[in-house]
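J.: The structure follows.
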Amino acid sequence: MAKKIAVVLSGCGNKDGAEITEAVSLMIALSEQGAEVEFFAPNEEFVAKNFLTGEPMPEKRNIMAEAARISRSKIKDLKSLDVEAFDGLALPGGFGAALNLSTWATKGAACSVNADLEKALRAFYKSSKPIGAICIAPTLVARVLGRENVTVTIGNDPETAAEIKKTGAIHETCPVDDYITDRLHKIITTPAYMYDGATPVQIFKGVSGLAKELVEMA
């Protein structure tokens with residue numbers, strides 16, 4: 001029987017949403033493992049960015065509507081995510097994780113996490129179902145589950161690693177094309193584009209390893 005994995009997106013695009021290469025790599029890798037995937041995102045507004053200038057756009061957009069661009073319109077409100085219906089949870093990166101799913105971008109270890117995502121993370125953890133997180137998304141896992149002494153990676157960025165340690169989580173350095181598995185807590189993380197010069201094939205290799213481990217744990 002195919003494992004069912006819930007994937008939470010934070011929009012569409014690395015500067016203000018889900019990183020597309022990471023999200024698509026995850027989709028392909030989970031498909032290779034025979035998993036069934038359903039997508040979720042907050043049904044909330046956010047301030048979009050101009051990807052040419054980096055400046056804020058004049059209008060607000062909807063996180064779920066933007067994320068639907070990646071999921072081919074098949075997406076549900078994060079509020080409806082039921083842990084009982086899934087075998088695992090996965091979070092692609094992109095700055096949207098630090099802006100739209102949390103306030104990590106401005107508050108670091110003292111941030112708040114979207115209430116529905118925090119509820120989901122705690123529910124999957126309590127149910128001993130694996131959680132995968134990519135790029136900057138492991139910071140959210142650390143913020144919510146840090147007191148459980150979970151181990152995560154965001155690569156080798158010292159400032160972000162220091163903030164992660166403030167949550168109570170353990171940070172482990174990891175190369176871009178690899179992943180870290182916390183078998184005790186069933187947490188799998190990979191740094192992906194936390195390495196700015198990473199190539200798509202390196203991203204895919206790390207994400208593929210994460211996806212394989214996630215499905216096997218599920």
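Per this note's numbering, the very first residue in the sequence shown carries number 1; after that it's consecutive.
Even glycine gets a Cβ: it sits at the ideal position worked out from N, Cα and C.
Does the pairing of the stretch 104–116 with the stretch 201–211 give three or more beta-carbon distances under 8 Å?
T.: Contact between the stretch 104–116 and the stretch 201–211 is absent, with fewer than three C-beta pairs closer than 8 Å.
J.: From this set, PRO92, ASP157, LEU117 and THR21, which residue's C-alpha is nearest ILE219's C-alpha?
T.: Nothing about residue 219 can be reported from this structure: the residues present for the chain run from 1 to 218 only.
J.: If we ignore side chains and look at the alpha-carbon of each, how far apart do ILE70 and LEU26 end up?
T.: Approximately 12 Å between the Cα atoms of the pair.
J.: First and last residue of the alpha helix (DSSP H) that includes ASP116?
T.: Here the alpha helix (DSSP H) through ASP116 covers 115–126.
J.: Whole angstroms are fine: how far does the CA of LYS15 sit from the CA of ASN50?
T.: It is roughly 9 Å from the alpha-carbon of ASN50 to the alpha-carbon of LYS15.
J.: Look up PRO175 in the DSSP assignment and say whether it is helix, strand or coil.
T.: coil
J.: Would you report the Cα separation of PHE204 and VAL215, rounded to the nearest angstrom?
T.: 16 Å
J.: Can you tell me whether GLY197 is buried or exposed? The criterion is at least 16 other CB atoms within 10 Å of its CB, across all chains shown.
T.: exposed
J.: Shortest alpha-carbon distance to CYS174 belongs to which of LYS166, GLN202 and GLY168?
T.: GLN202
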